[in-house]
Amino acid sequence: MKRVQFEHSAIPYLFVAPQIIIIVVFFLWPAAQAIYQSFLLEDAFGLSSQFVWFRNYEDTILSESWLQAAGFTVLFSALVTFLSLALALLLAVKANEVIRGASTYKTTLMWAYAIAPPVAGLMGNLMFNPLIGDLYKFLNAIGWDFNHKLDSFDAGFVVVLISVWKQVSVNFIFFLSGLQGIPKSVLEASLMDCKSSLRRFWTITFPLLAPTTFFLMVINITYAFFETFGIIDTTTRGAPGGATTTLVFKVFQDGFRGADIGGSSAQSVVLMIMVLALTVVQFRFIERKVHY
Amino acid sequence: MSKVQLTNVRKTYPNGAEAVRGVDMEIESGEFIVFVGPSGCGKSTLLRMVAGLESVTSGQVLIDDRLINDVSPAERDVAMVFQNYALYPHMTVRGNMSYGLKNRGLPKAEIDQKVTEAAKMLRIGDFLDRQPSQLSGGQRQRVAMGRAIVREPKVFLFDEPLSNLDAKLRVQMRIEIKRLQRRMNVTSIYVTHDQTEAMTLADRLAVVNDGKIEQMGSPIDLYNNPATLFVASFIGSPQVNLLPATFDGQHLISGDLKLSGFGDLPTSTELVLGIRPDELRLDESGPFLLRVDIVEQHGSDNLIYGGVLGAMNDGDQETEFCFKTSQDMLPDLDSTLKLGFNDERAMVFNKVTGERLR
Ligand SMILES: Nc1ncnc2c1ncn2[C@@H]1O[C@H](COP(=O)(O)OP(=O)(O)O)[C@@H](O)[C@H]1O
Ligand SMILES: [Mg+2]
């Protein structure tokens, strides 16, 4: 009996090659570099370096400033993710109910999506400018002694506000299409089964949006971790006293401003591990619950 | 046990579409009413106004003499079965069935008992802990029925509940729905475009056409005594044979054909003669000469389709007739059959208004 043999040809490899090359060049190679660098200690002028094992890790991660940044990052990410999801969901639910002028309303809400984070940061800067900033004046006028240059709470407020504002529109688009994907008859069935609209929302609409919410949660946490860099860099720059420094911003600060390549690389590696762990947790434990 | 009453009910959608144009109806307690009509005639809209899913533009909807125009769907005490089942995809079968009861604040023990009972009645007891996505179409349909039954509503509403099922399952479920309704004796309104479903399920049938009730009555009454051309052609399968004609004072004239046995008809209007396929018979002296096109063998009887020689319709083509006969009648194709009809049972309509003249 003859067994069927498939001819092996090089063509399939050719097709996946671009993808593989991109992953190697833009991800694996830099990651390997970072891991390598994280074990080296350079002298102040970058002329020579020495293999120091985990000294860079000990020095940076156990430092007070890193722990502060880690704490802020966790709080900041939680706030940005929660607030931008909650706000976007509220807006999407309301927009979904609008019948007249619906498209104008929706387009307006989507606009912020087109704005890059650094630009959002610059706009925020203008609004919180002590001399000409409308929001700055407004907050002070309503009796809040607001000064984000000096007060760390106020500074945190600024970066959270701008980051949330920037992200709401993306979440809004996804939530809106998620809402429109819920079959009308299912909602009608619930209308006959339950008279409280709030209860219907939490027992029918919200669970049916769970896949969207989960997806957005992953996206938003990643956003809060990495992409808000541009906002922080153009507004507070981590000030006052490192109160609004996120881990990513600290990598940049220590590496480029402080020229501590080894320490900065060590931080990057830790960040990579954290994100990896977070992703695994999300997909392992949460995703299992959201699919029906 | 509840009465449903509609008085001059109208519905105009925000886009201006007039879906329902003045419907009056009284449904007795425990009655099984079927709304039947072609697609887009407004039957779903009418049903949904009873359900509370569409607002009533004008007129009154009453259940047990209580005006419910502005009562929310959940407080009307009606339950609905949707065409695409509309089960809650994230809940188990049990969750689906108990959801409405939970929201009404029933104690858990009572809910469990009702769900178990309904599940037994519908033979879905083995699936109670499955998700809807793990069920077949027929099983989902049962769950949707179960969700309606456990509520013990005053009125059951069905919007084409069997349209997504295959033919065999459809017949089974049809019988089951009828049996359940008989057993529970709950007033029911059932929407369908399928006239077999309509004929077999209904205590009374309402034929809907263009937003109005064309005629209402028992299925057999509508079959035997249609009030309009529309009802005559909608009810009955195979469809009634229609022949355009005029009356010359003594005979009905259609093309080259001259039919006697008719009197007392207007001479100035265009008419339509309607003869049911089973009212035709082989008759050497009959007026029709049918050229056989197709013979369909349905088992117990055969349907013979063909053109009637000499009879032209509006498009100047030969009028097609269907002749229902016994299973041993197997004429050759293109042969001709001489047919007569029972003029007592023949119907004549005004072609323009559709009104039945005799
Ligand atoms: N939500 C709606 N908005 C506007 N027009 C509608 C809407 N629903 C139905 N219609 C129109 O109303 C008419 C009746 O619809 P429907 O009651 O669904 O008919 P049926 O159930 O008999 O097929 C149709 O002409 C349809 O186009
Ligand atoms: Mg319909």
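Residue numbers (the numbering used here), protein chains in the order written: chain A, 1 to 292; chain B, 1001 to 1358. The beta carbon of each residue, even a glycine, is placed where N, CA and C say it ideally should be.
Run the proximity test for residue i: is its beta-carbon closer than 7 Å to any non-hydrogen atom belonging to ligand 2?
i       : result
B/S1044 : yes
B/D1159 : yes
B/V1023 : no
B/V1191 : yes
Only counting the same chain, and skipping five residues up and downstream in sequence, which positions put a Cβ closer than 6 Å to that of residue i?
i       : result
A/Y57   : A266
A/S163  : V80, T228, I231
B/N1342 : E1279
A/I204  : S190
A/T245  : A69, G238
B/K1178 : L1201
A/F206  : none
Sorry if obvious, but does the Cβ on residue i come closer than 7 Å to a heavy atom of ligand 3?
i      : result
A/N171 : Summarising the ligand content, the structure contains ligand 1 and ligand 2 and does not contain ligand 3.
Residues in its own chain within less than 8 Å of residue i by CB, not counting five upstream and five downstream?
i       : result
B/V1207 : V1036, G1037, I1213, E1214, Q1215, M1216, L1222, F1230, V1231, F1234, I1235
A/T241  : Looking at the sequence provided, one finds Gly at residue 241 of chain A rather than Thr. Same-chain partners within the cutoff: S152.
B/S1218 : A1202, D1203, R1204, L1205
B/A1079 : G1100, R1147, A1148, I1149, R1151, P1153, V1155, F1156, L1157
B/L1265 : F1247, L1252, L1271, V1348, L1357, R1358
Excluding the 5 residues preceding and the 5 following residue i in the sequence, name in chain order all residues of the same chain whose CB lies nearer than 7 Å to its CB.
i       : result
A/T81   : M217, N220, I221, A224
A/G133  : L126, M127
B/G1255 : G1310, A1311, M1312
B/Q1083 : D1159, E1160, P1161, S1163, N1164
B/S1098 : I1111, V1115
B/Q1141 : Y1085, P1161, L1165, M1173
Name the DSSP bridge partner or partners of residue i?
i       : result
B/M1312 : B/E1318
B/K949  : Nothing about residue 949 of chain B can be reported from this structure: the residues present for chain B run from 1001 to 1358 only.
A/T245  : Looking at the DSSP assignment, A/T245 forms no beta bridge with any residue, so it has no partner.
B/F1156 : B/A1079, B/S1188
B/M1347 : B/G1274
B/L1242 : B/G1274
B/T1325 : B/N1302
B/L1280 : B/F1341
B/M1216 : B/A1206
B/S1254 : B/L1257
B/V1228 : Residue identity check: residue 1228 of chain B is Thr in the sequence provided, not Val. DSSP lists B/E1355 as partners of B/T1228.
B/T1336 : B/R1291
B/G1307 : B/R1291, B/E1320
B/N1005 : Inspection of the sequence shows that residue 1005 of chain B is occupied by Gln rather than by Asn. B/E1026, B/L1062.
B/E1296 : B/L1303
Less than 7 Å separating the Cβ of residue i from some heavy atom of ligand 1?
i       : result
B/N1084 : no
B/S1039 : yes
A/A102  : no
B/N1209 : no
B/A1019 : yes
B/N1164 : no
B/N1015 : yes
Name the residue from the options whose alpha carbon lies nearest to the alpha carbon of residue i.
i       : options                            : result
A/S169  : A/R55, A/A95, A/I20                : A/A95
B/D1024 : B/V1186, B/E1018, B/D1129, B/V1009 : B/V1009
B/I1149 : B/V1115, B/M1173, B/I1175          : B/V1115
A/T107  : A/F39, A/W202, A/I173              : A/I173
B/E1018 : B/S1058, B/G1052, B/L1289          : B/S1058
B/V1081 : B/Y1099, B/A1144, B/S1072          : B/A1144
B/R1204 : B/D1210, B/F1156, B/G1211, B/S1188 : B/S1188
B/V1171 : B/E1197, B/L1290, B/Q1239          : B/E1197
B/D1402 : B/I1063, B/L1087, B/L1259, B/Y1088 : Nothing in the structure corresponds to residue 1402 of chain B, since chain B is present only between 1001 and 1358.
B/L1180 : B/F1032, B/N1096, B/P1014, B/Q1005 : B/F1032
B/V1034 : B/D1332, B/L1047, B/V1056          : B/L1047
A/Q282  : A/P130, A/I261, A/P211             : A/P211
A/M110  : A/A88, A/P117, A/P130, A/V248      : A/A88
A/F252  : A/A239, A/V270, A/D233             : A/D233
B/H1251 : B/K1338, B/S1260, B/L1243          : B/S1260
B/D1283 : B/K1338, B/I1027, B/K1168, B/K1108 : B/K1338
B/Y1030 : B/G1274, B/L1067, B/A1227, B/R1183 : It is Gly, not Tyr, that sits at residue 1030 of chain B in the sequence shown. When only C-alpha atoms are compared, the closest one is B/R1183.
A/T264  : A/I61, A/L179, A/S48               : First, the amino acid is wrong: residue 264 of chain A is Ser here, not Thr. It is A/I61.
Original post:
What are the uninterrupted segments assigned as beta strand (DSSP E) that are 3 or more residues long and contained completely in the stretch 38 to 106 of chain A, given in chain order?
Top reply: 40 to 42, 49 to 51
Subject >> Completely contained beta strand (DSSP E) runs for the stretch 1016 to 1073 of chain B, where each covers 3 or more residues >> reply: 1018 to 1027, 1032 to 1036, 1058 to 1063
Subject >> 4 or more residues per run - each alpha helix (DSSP H) lying fully within the stretch 153 to 204 of chain A >> reply: 184 to 193, 197 to 200
**OP:** Mind listing, in chain order, the continuous alpha helix (DSSP H) runs of no fewer than 4 residues lying wholly within the stretch 1092 to 1133 of chain B?
**Re:** 1093 to 1103, 1108 to 1122
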